[in-house]
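J.:
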Amino acid sequence: MRLEDLRERMIEDGVGALAVTSEGNAEYLFDVGVRGLFLVTQSSVESLVSGFHRYEFENSELDPRFYSTRSEAQEAAEELLADRDVVHADSESRLLGSVEAEETSLVERMRRRKSDGEVESIREACDLTAEAISRVSQELFSGETELELRTRLNRFYAEHGVDEAFLDDGGMSLVQTSCMRPHRSPSDVSPGSEDMVIVDSGCVVDGYRSDVTRTFCLESSAEQRQLFDDVLEIQSALAEMAEPGVDASDLHKRLLAEVEERGYDPEKHVLYPPGHGVGVRIHEAPSLSLGSESELKAGDVITLEPGLHVPGVGGCRVEDVYRVGRGVQRLSDLGRRLDPTG
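To get the numbering used here, take the position in the sequence shown, counting from 1, and add 1.
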């Protein structure tokens with residue numbers, strides 16, 4: 002069905018041959034999450050893939066040509082793409098060799114508009130992640146290390162037959178104490194009762210990812226409680242404006258304005274954009290950064306994850322998954338409490 006839809010869009014866009022080289026796009030179209038060259042025309046799909054992935058295609062309708070070396074791959078790709086008047090590609094790739102290709106976001110545009118079935122898979126992934134975070138939150142201040150706590154998250158997913166969401170991007174679920182480095186790996190530090198602890202996790206259901214974050218503190222100071230409340234208010238403000246037609250970059254601008262209004266320094270205390278698209282990959286279109294040229298559209302699924310990192314107080318981030326439409330819909334159902342015992 003997706004391939005038929007793609008071919009219709011190729012006709013509309015005047016694309017005769019599309020070279021799919023993105024791993025996420027390959028998973029979306031062909032249910033094989035590997036990097037390669039998949040040449041789509043109106044009559045066929047020809048593919049070129051590393052022999053490392055040979056046995057991943059045993060039950061696939063695709064019949065790839067396998068290569069062993071980079072030079073062999075480029076030679077085969079040039080042969081595959083020869084005599085094509087115009088080739089479009091979804092991304093830059095060494096596999097294209099010397100072939101000049103016009104870049105197109107055609108598949109990414111298809112991925113953005115999530116069907117009800119896709120949204121339901123994301124919601125199920127969010128439900129599992131919510132349960133995983135909820136369980137781990139009860140052990141955060143028991144003396145276990147960040148590494149041991151992260152292992153609890155992974156064990157929960159394994160027991161429920163799902164994978165962690167961040168592996169394809171080289172990441173991992175995070176448990177971080179008083180975090181001023183947002184994506185540092187968990188360590189052998191044990192959270193103390195006065196520490197702010199960020200738990201950022203996600204899993205995969207039917208190929209679709211969740212991405213949920215909560216911040217906890219057992220014996221919080223007035224400053225820490227204010228920081229947490231401010232982040233919640235900022236997230237609510239962002240959710241209220243996340244409607245079709247809104248420039249995605251305006252969400253980042255709103256984040257910075259809300260932060261400054263509350264007396265923080267946007268340059269020093271805001272370390273990342275307010276969120277991102279999520280689907281078959283943990284980070285996908287639309288981008289919500291200042292440099293984004295996208296407009297939000299009905300069917301987008303995005304995260305909103307405002308964070309503030311204040312020296313001497315701690316790092317605080319709250320992240321939920323939302324579907325954009327007539328009124329934004331939160332897909333991640335997990336309470337927002339600073340004290341996990343409250």
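Note that the Cβ used here is the ideal one computed from N, Cα and C, for glycine as well.
How big is the Cα-Cα spacing for ASP231 and ARG8?
T.: Taking the sequence shown and counting its residues from 1, one reaches residue 231 at position 230. Taking the sequence shown and counting its residues from 1, one reaches residue 8 at position 7. Each residue's Cα considered, the two are about 47 Å apart.
J.: Based on Cα-Cα distance, which residue from ILE235, VAL322, GLY315, GLU149 lies nearest to CYS180?
T.: For the purposes of this step, residue 180 is taken as residue 179 along the sequence shown, with counting starting at 1. Residue GLY315 is the option with its Cα nearest to CYS180.
J.: In the region 259-305, which residue ranges form an unbroken alpha helix (DSSP H) of at least 4 residues, counting only runs that do not cross its ends?
T.: You should have 267-270.
J.: THR214 bridges to which residues according to DSSP?
T.: The residue you call residue 214 lines up with position 213 of the sequence shown. DSSP, once it has assigned bridges, lists ASP201, GLU320 as partnering THR214.
J.: From the DSSP output, read off the bridge partner residues of PHE39.
T.: Position 38 of the sequence shown, counted from the first residue, corresponds to residue 39. Paired residue(s): VAL21, SER48.
J.: Assuming PHE67 is part of the beta strand (DSSP E), what are its boundary residues?
T.: For this step, residue 67 is matched to residue 66 along the sequence shown. It spans 66-68 - the beta strand (DSSP E) in which PHE67 sits, taken as one unbroken run.
J.: Just the Cα atoms here: how many angstroms apart are ASP248 and SER94?
T.: The residue you call residue 248 lines up with position 247 of the sequence shown. The residue you call residue 94 lines up with position 93 of the sequence shown. Cα-Cα distance, rounded: 29 Å.
J.: Whole angstroms are fine: how far does the CA of ARG318 sit from the CA of GLY292?
T.: For this step, residue 292 is matched to residue 291 along the sequence shown. For this step, residue 318 is matched to residue 317 along the sequence shown. Computed Cα separation, rounded: 22 Å.
J.: On the three-pair Cβ rule with 8 Å, is the region 195-204 touching the region 235-242?
T.: no
J.: ALA90 by DSSP, collapsed to three states: which one?
T.: Within the sequence shown, residue 90 is the residue found at index 89, counting from 1. Three-state DSSP puts ALA90 in a strand.
J.: Could you check which residue in ARG66, PHE157, PRO192, GLU104 has the C-alpha nearest to that of VAL205?
T.: Along the sequence shown, read from residue 1 onward, the residue named residue 205 stands at position 204. Checking every option, the nearest Cα to that of VAL205 belongs to PHE157.
J.: What are the start and end residues of each continuous alpha helix (DSSP H) run of 4 or more residues lying completely inside the region 93-124, in chain order?
T.: DSSP runs (the alpha helix (DSSP H)) wholly in the region 93-124: 107-113.
J.: Buried or exposed, going by whether 16 or more other CB atoms sit within 10 Å of the CB of MET2?
T.: Locating residue 2 in the sequence shown gives position 1, where the first residue counts as 1. By the 10 Å Cβ count, MET2 comes out exposed.
J.: Between the region 257-272 and the region 208-223, are three or more C-beta pairs nearer than 8 Å?
T.: no
J.: Alpha carbon to alpha carbon, how far is LEU168 from HIS184? Give it in angstroms, no decimals.
T.: Counting from one through the sequence shown, the residue named residue 184 turns up at place 183. Counting from one through the sequence shown, the residue named residue 168 turns up at place 167. The straight-line gap from Cα to Cα measures roughly 14 Å.
J.: Output the boundary residues of the beta strand (DSSP E) element that contains GLN177.
T.: The residue labelled residue 177 in the question sits at position 176 within the sequence shown. Taken as a continuous stretch (DSSP letters only), the beta strand (DSSP E) holding GLN177 covers 175-178.
J.: I need the straight-line Cα distance from GLY25 to ARG282, nearest angstrom please.
T.: Taking the sequence shown and counting its residues from 1, the one referred to as residue 25 is at position 24. Taking the sequence shown and counting its residues from 1, the one referred to as residue 282 is at position 281. Answer to the nearest angstrom: the Cα atoms are 6 Å apart.
J.: Skipping 5 residues on each side, what residues in its chain have a beta carbon closer than 8 Å to that of ARG337?
T.: As a position in the sequence shown, residue 337 is number 336, starting the count at 1. Answer for ARG337: ARG215, LEU233, VAL319, listed in chain order.
J.: Following the continuous beta strand (DSSP E) through LEU309, name the residue where it begins and the one where it ends.
T.: Within the sequence shown, residue 309 is the residue found at index 308, counting from 1. 308-311 is the extent of the beta strand (DSSP E) around LEU309.
J.: Give the DSSP-derived three-state secondary structure of ASP230 in the structure shown.
T.: Looking up residue 230 in the sequence shown gives position 229. Three-state DSSP puts ASP230 in a helix.
J.: Let me check one thing: in DSSP terms, what residues is ASP248 bridge-paired to?
T.: Position 247 of the sequence shown, counting from 1, holds the residue named residue 248. Beta-bridge pairing by DSSP links ASP248 to GLU296.
J.: Using only the alpha-carbon positions, how far apart do GLY37 and SER72 sit?
T.: The residue labelled residue 37 in the question sits at position 36 within the sequence shown. The residue labelled residue 72 in the question sits at position 71 within the sequence shown. Going by the C-alpha atoms only, they are around 14 Å apart.
J.: Could you tell me if SER23 is buried or exposed, where buried requires 16 or more neighbouring beta carbons within 10 angstroms of its beta carbon?
T.: Residue mapping note: residue 23 aligns to position 22 of the sequence shown, counting from 1. It is buried - the Cβ of SER23 has at least 16 other Cβ atoms within 10 Å.
J.: Taking DSSP as the reference, what is the three-state secondary structure of ARG255?
T.: Numbered from its first residue, the sequence shown carries residue 255 at position 254. Here ARG255 sits in helix by DSSP.
J.: Taking the CB atoms as reference points, tell me whether LEU30 and VAL21 lie closer together than 8 Å.
T.: Translated into the one-based positions of the sequence shown, residue 30 becomes position 29. Translated into the one-based positions of the sequence shown, residue 21 becomes position 20. For LEU30 and VAL21, yes; Cβs fall inside 8 Å.
J.: Could you compute how far the alpha carbon of ASN155 sits from the alpha carbon of LEU289?
T.: Within the sequence shown, numbered from 1, the residue matching residue 155 stands at position 154. Within the sequence shown, numbered from 1, the residue matching residue 289 stands at position 288. So the two alpha carbons sit approximately 29 Å from each other.
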